[in-house]
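Per the numbering used here, the sequence shown starts with residue 27, numbered consecutively.
Here the structure is laid out as structure tokens; the discussion comes afterwards.
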Amino acid sequence: MTAEPIRPNAVRQGARSAVRDRLLDAAAEVFAQDGWRHLTMGKVADRAGVSRQTVYNEFGTKPNLAEDLVFRELESFLDLVRDRIESGRTPVEAIGSAVEGALSLAEVNPLLRAVLESAHVGDSELLPFITQSDKLVDRARNEVGDAISTRFPDLPLSSDQLLIAADAIVRIVLSHVTHPTRLPAEVGLELAWLVSAILKGVDGGN
């Protein structure tokens with residue numbers, strides 16, 4: 027069996043992805059060092075060892091760069107959440123574990139910590155990309171909903187009801203990420219209880 031040849035377009039896309047990751051790494055380093063307010067496309071270019079035009083070609087604007095930086099970090103959280111849900115024995119256990127894992131990761135994630143610490147000293151330009159992004163909430167809600175429905179296909183919830191529940195969970199988690207008041211394990215237990223109550227209510231209604 028002969029291997030399928032790598033198409034030139036695939037090579038170009040892979041190279042572009044590598045450049046993009048390199049630029050995002052550089053942006054994260056500049057942000058951690060100088061703060062978001064003082065981050066410029068030129069600084070990112072210098073840190074990555076490319077031309078400033080390369081940075082503009084990839085992202086266009088600083089807000090686009092911010093969004094891409096946040097969404098790359100989001101994927102690491104979603105990977106963990108999917109793994110926790112997939113390994114859960116019950117929906118209640120899966121959600122509790124996923125919430126605890128996401129909040130524990132938030133405590134040690136370098137970019138997220140830098141965003142929150144910068145906001146405390148008045149450099150809060152990046153914070154809305156986490157706390158006020160409908161696109162981020164939609165992405166997280168859909169991924170959580172898909173993971174739950176795949177792992178537990180017999181849930182007594184319609185697809186719309188499941189998305190409503192997932193949306194609420196995502197928004198509560200984001201609230202605790204930006205304003206933590208309890209330990210991740212405690213919040214996980216609380217949201218697990220909430221899921222349990224929702225499922226019991228649905229069953230009782232039937």
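Every residue gets a Cβ at the ideal spot worked out from N, C-alpha and C, and that includes glycine.
Going by DSSP in three states, residue i sits in which element: helix, strand or coil?
i           : result
residue 212 : helix
residue 136 : helix
residue 35  : Here the model assigns residue 35 a pLDDT of 47, short of 50, so the residue's position is not dependable and the matter cannot be decided.
residue 41  : The pLDDT assigned to residue 41 is 49, lower than 50, so where the model puts this residue is not dependable, and the model offers no usable value.
residue 125 : helix
residue 151 : coil
residue 181 : coil
residue 115 : coil
residue 30  : With a pLDDT of only 49 at residue 30, under the threshold of 50, the placement of this residue in the model should not be trusted, and no figure is reported.
residue 232 : Bear in mind that the predicted position of residue 232 carries a pLDDT of just 47, short of 50, making it unreliable; the figure below should be weighed with that in mind. Of the three classes helix, strand and coil, the one that applies to residue 232 here is coil, per DSSP.
For the alpha helix (DSSP H) holding residue i, just list the boundary residues, first then last.
i           : result
residue 168 : 160 to 177
residue 203 : 185 to 204
residue 157 : 154 to 157
Exercise. Residue ranges of each alpha helix (DSSP H) run of no fewer than 4 residues wholly in the region 57 to 113, ordered along the chain?
Worked result: 67 to 74, 78 to 85, 88 to 113
Exercise. Do the region 108 to 116 and the region 173 to 191 make contact, defined as three or more Cβ pairs closer than 8 Å?
Worked result: yes
Exercise. Given 8 Å as the limit, is there contact between the region 87 to 107 and the region 164 to 171, that is, 3 or more CB pairs closer than that?
Worked result: yes
Exercise. Touching or not, the region 68 to 78 and the region 49 to 60, by the rule of three or more beta carbon pairs under 8 Å?
Worked result: yes
For this session: Could you tell me whether the region 220 to 230 touches the region 139 to 153, using the rule of 3 or more Cβ pairs below 8 Å?
Result: no
For this session: Kindly confirm or deny that the region 119 to 130 and the region 208 to 215 touch, where touching means at least three C-beta pairs closer than 8 Å.
Result: yes
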